[in-house]
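Peer 1: Which chain is which? The protein sequence lines are A and B, in order.
Residues in the first sequence are numbered consecutively from 1, following UniProt numbering.
Residues in the second sequence are numbered consecutively from 1, following UniProt numbering.
Using N, Cα and C, we set each Cβ at its ideal position, and we do this for glycine too.
Computed from a predicted model, the values in this text were never measured in an experiment.
Quick one: this structure, given as C-alpha cells, is what I'll be asking you about.
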Amino acid sequence: MNALEKRLLNEFQRDFPLSSTPYADIAKRVGASETEVLEALARLTASGAVSRVGPVIRPHSIGVSTLAAMRVPPERLPEIAALVSEYPEVNHNYEREHEVNLWFVLAAPTKQRLRQVLSDIERRARLAVLDLPLLADYHIDLGFEIKWS
Amino acid sequence: MELNQRDLRLIAAIQHGLPLSPRPYAEVGERIGLSEQEVIARIRALQARGVIKRFGVVVRHHECGYGANAMVVWDVPNGDVDEVGRRFARFPFVTLCYRRPRRPPEWPYNLYTMIHGRDRAHVLAQLAGLIEKTGAQAIAHRVLFSKRRFKQRGAQYVPPETARAPAPLKQAAG
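Below you can see the structure in the form of C-alpha cells.
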C-alpha cells in the first residue's frame, strides 16, 4: 500500500467531493494528479481493498433487509453456502465459529420478496433459517479509521 | 421513506459504485436522464434526509490488514438493551451495533456488535476493554469470529433494471 493509496482509503470514506470533478479535487488535496488518483482507486478496487466509491444506504430507508443464519452440518457447508450465494438478494455470506455457522445478509425491494427468498432457501436446503431483522440501530456508520502502524 | 422514481433510478445507478472517470456524476446522469447538477443535488438531498448514511470510499477491512472480524452477540435484559447498545456503540472499534429479535430456544441473543481487529488477540483485547469499561461482566455473550467468506458485495436495494432512463416522451406532431 503506497502513501497515496493509504490516504485515499482513510480520508475519503465520507465527505467525498460532490463537485463536477471529484477525483481532480481529491488530487489537489493529496498533492497528486487526477490520473494518479483514478489509477490508485482502480487498483484498490481490483485488489478488493475498496468495495466501491459510493453510498452506504441506511437500512430500511429503501427496501428491506435482514440478517439470516443457519445451523448447517459442516460437511454440507460448501453446498449450502453456494446455494445461498446464488441469490442476488444476498450480499454478505460468511461462515462463523458457532453451531449456527452460516450467516448472510439479504436486501430486497419488498418484504414479500425477502420472505420468498428465505422460504425458498429453507425448502431447497432442507434446513431452518433464523430470520433476524434489525429492530434498532445504535451506530451511525461514519466509516472506520485504518491504523497502518 | 417515500422516494420518487428519479431517486430510485439514481440509487440503482450508483449503488455498486461511481464510475472512475473524470466526470462521474455527468456520466451517471447521462445513463438515467438527469443533468450532472441534478445528480449532485439529489445525492446531497438523500444525504440530508439520511437515506444515504455516508458517501465515499467504502473499504473492505479484511483486505486492509484487519484480518479478524468478530460478531459479538449479547443477551441483554429487554429493558436495558437501548442503553447498553448506545454505550457499546461509542467505542471506535465497534463498527456496527444493532438490536435484533431473540429466537428462543435456539438463539437467545438480542444485541449485536461487530468488532474488527488485526488478529484475534487484538479483537479479544478490545472486547475485554469494552466489557470492563461498561461494567458488562454480567451480560452473557458469545464471540463469533468469521471464518470463510463466501460472498461480499454492496447491497443491491434497487433492481438494476430501475437504472434505465425512461423512454423519451413522444413529441406532439405539428
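State the Cα-Cα distance for the pair residue 108 of chain A and residue 65 of chain A, rounded to the nearest angstrom.
Peer 2: The residue given as residue 108 of chain A occupies position 108 in the first sequence. The residue given as residue 65 of chain A occupies position 65 in the first sequence. If I take the Cα positions, the gap works out to 6 Å.
Peer 1: Within 10 Å of its beta-carbon, does residue 150 of chain A have 16 or more other beta-carbons around it, so buried, or fewer, so exposed?
Peer 2: Nothing can be reported for residue 150 of chain A, as the shown portion of chain A is limited to 1 through 149.
Peer 1: Who are residue 57 of chain A's beta bridge partners in DSSP?
Peer 2: Position 57 of the first sequence, counted from the start, is the residue given in the question as residue 57 of chain A. Residue 57 of chain A is bridged to B:52.
Peer 1: By the three-class DSSP mapping on this structure, what secondary structure does residue 20 of chain B have?
Peer 2: Here residue 20 of chain B is taken as the residue at index 20 of the second sequence, counted from 1. Of the three classes helix, strand and coil, the one that applies to residue 20 of chain B here is coil, per DSSP.
Peer 1: Quick one: grab the DSSP three-state call for residue 118 of chain B.
Peer 2: One-based indexing of the second sequence puts residue 118 of chain B at position 118. Of the three classes helix, strand and coil, the one that applies to residue 118 of chain B here is coil, per DSSP.
Peer 1: Under 7 Å between C-beta atoms, does residue 31 of chain A make it to chain B?
Peer 2: Along the first sequence, one-based indexing puts residue 31 of chain A at 31. No, residue 31 of chain A does not count as interfacial toward chain B.
Peer 1: Does the contact criterion of 3 or more C-beta pairs under 8 Å hold for the segment 47 to 62 of chain A versus the segment 41 to 53 of chain B?
Peer 2: yes
Peer 1: Can you list, in chain order, the residues of its chain with a C-beta nearer than 8 Å to that of residue 44 of chain A? Leave out the 5 residues immediately preceding and following it.
Peer 2: Residue 44 of chain A sits at position 44 when you count from the first residue of the first sequence. Cβ neighbours of residue 44 of chain A beyond the five flanking positions: 5, 8, 9 and 50.
Peer 1: What residues in the segment 17 to 29 of chain A have a beta carbon less than 8 Å from any beta carbon of chain B?
Peer 2: Closer than 8 Å at the C-beta level to chain B, one finds these residues of the segment 17 to 29 of chain A: 18, 19, 20, 21, 22, 23 and 24.
Peer 1: So residue 95 of chain B is in the beta strand (DSSP E); what residue range does that whole segment cover?
Peer 2: Taking the second sequence and counting its residues from 1, one reaches residue 95 of chain B at position 95. Per DSSP, residue 95 of chain B belongs to the beta strand (DSSP E) from 94 to 99.
Peer 1: In the structure shown, what three-state DSSP assignment does residue 98 of chain A receive?
Peer 2: For the purposes of this step, residue 98 of chain A is taken as residue 98 along the first sequence, with counting starting at 1. Residue 98 of chain A falls in the coil class under three-state DSSP.
Peer 1: Going along chain A, which residues have a C-beta under 7 Å from residue 51 of chain B?
Peer 2: Within the second sequence, the letter at position 51 stands for residue 51 of chain B. Per Cβ cutoff of 7 Å: 57, 58, 61 and 62.
Peer 1: Do residue 104 of chain A and residue 68 of chain A come within 7 Å of each other at the CB atom, strictly closer than that value?
Peer 2: One-based indexing of the first sequence puts residue 68 of chain A at position 68. One-based indexing of the first sequence puts residue 104 of chain A at position 104. Yes, these two residues count as a Cβ contact at 7 Å.
Peer 1: Can you give me the C-alpha to C-alpha distance between residue 14 of chain A and residue 56 of chain B, rounded to a whole angstrom?
Peer 2: Translated into the one-based positions of the first sequence, residue 14 of chain A becomes position 14. Translated into the one-based positions of the second sequence, residue 56 of chain B becomes position 56. One C-alpha to the other measures close to 5 Å.
Peer 1: Express the C-alpha separation of residue 33 of chain A and residue 87 of chain B in angstroms, rounding to a whole number.
Peer 2: On the second sequence, position 87 is the one that residue 87 of chain B refers to. On the first sequence, position 33 is the one that residue 33 of chain A refers to. Computed Cα separation, rounded: 43 Å.
Peer 1: Run the CB neighbour count on residue 99 of chain B, radius 10 Å, all protein chains shown included, and call it buried at 16 or more, exposed below.
Peer 2: Indexing the second sequence from 1 puts residue 99 of chain B at position 99. That one is buried.
Peer 1: Interface residues of chain A around residue 107 of chain B at Cβ under 8 Å?
Peer 2: Start at 1 with the first residue of the second sequence, and residue 107 of chain B comes out as number 107. What residue 107 of chain B touches in chain A: 69, 100, 130 and 132.
Peer 1: Give the interface partners of residue 117 of chain A over in chain B, defined as CB-CB distance under 9 Å, in chain order.
Peer 2: In the first sequence, residue 117 of chain A corresponds to position 117, counting from 1. Simply none; closest approach about 12 Å.
Peer 1: Can you name the residues that DSSP bridges to residue 107 of chain A?
Peer 2: Locating residue 107 of chain A in the first sequence gives position 107, where the first residue counts as 1. Answer by DSSP bridge pairing, in chain order: A:65.
Peer 1: May I ask you to list the residues that DSSP assigns as paired with residue 113 of chain B?
Peer 2: One-based indexing of the second sequence puts residue 113 of chain B at position 113. Beta-bridge pairing links residue 113 of chain B to B:72 and B:97.
Peer 1: In chain A, which residues lie with their C-beta within 8 Å of the C-beta of residue 16 of chain B?
Peer 2: Indexing the second sequence from 1 puts residue 16 of chain B at position 16. What residue 16 of chain B touches in chain A: 52 and 54.
Peer 1: For the segment 74 to 87 of chain B, which residues have a CB atom closer than 7 Å to at least one CB atom of chain A, in sequence order?
Peer 2: Identification of residues in the segment 74 to 87 of chain B having a C-beta nearer than 7 Å to some C-beta of chain A yields 82, 85 and 86, given in sequence order.
Peer 1: Measuring CA to CA, which of A:47, A:29, A:31 and A:24 is closest to residue 38 of chain A?
Peer 2: Residue 38 of chain A sits at position 38 when you count from the first residue of the first sequence. Ranking A:47, A:29, A:31 and A:24 by Cα distance to residue 38 of chain A puts A:24 first.
Peer 1: When you compare each of B:46, B:32 and B:136 to residue 3 of chain B by their alpha carbons, which one comes out closest?
Peer 2: Position 3 of the second sequence, counting from 1, holds the residue named residue 3 of chain B. Nearest C-alpha to residue 3 of chain B: B:46.
Peer 1: One question on the structure: do residue 102 of chain A and residue 72 of chain A come within less than 7 Å of each other, judged by their Cβ atoms?
Peer 2: One-based indexing of the first sequence puts residue 102 of chain A at position 102. One-based indexing of the first sequence puts residue 72 of chain A at position 72. Yes.
Peer 1: Say whether the segment 117 to 134 of chain A touches the segment 78 to 90 of chain A, bearing in mind that this needs 3 or more beta-carbon pairs closer than 8 Å, one atom from each stretch.
Peer 2: Touching, per the Cβ criterion.
Peer 1: Take residue 19 of chain B and list the residues in its own chain whose beta-carbon comes closer than 6 Å to its own, dropping the five residues that flank it on each side.
Peer 2: Here residue 19 of chain B refers to the residue found at position 19 of the second sequence. Here the set comprises 27.
Peer 1: Compute the beta-carbon to beta-carbon distance between residue 246 of chain B and residue 114 of chain B, rounded to the nearest angstrom, for a pair I have assumed lies under 8 Å.
Peer 2: Because chain B here runs from 1 to 174, residue 246 of chain B falls outside it and cannot be looked at.
Peer 1: Leaving out the 5 sequence neighbours to the left and right, which residues in its chain are closer than 6 Å to residue 134 of chain A when beta-carbon positions are compared?
Peer 2: Residue numbering aside, residue 134 of chain A sits at position 134 when the first sequence is read from its first letter. The residues are 59.
Peer 1: I'd like to check one pair, residue 145 of chain B with residue 97 of chain A: are the Cβ atoms closer than 7 Å?
Peer 2: Walking along the first sequence from the start, residue 97 of chain A turns up at place 97. Walking along the second sequence from the start, residue 145 of chain B turns up at place 145. Yes, these two residues count as a Cβ contact at 7 Å.
Peer 1: Quick check on residue 91 of chain A: buried or exposed, where buried means 16 or more other Cβ atoms within 10 Å of its Cβ?
Peer 2: For this step, residue 91 of chain A is matched to residue 91 along the first sequence. The residue is buried, with at least 16 neighbouring Cβ atoms inside 10 Å.
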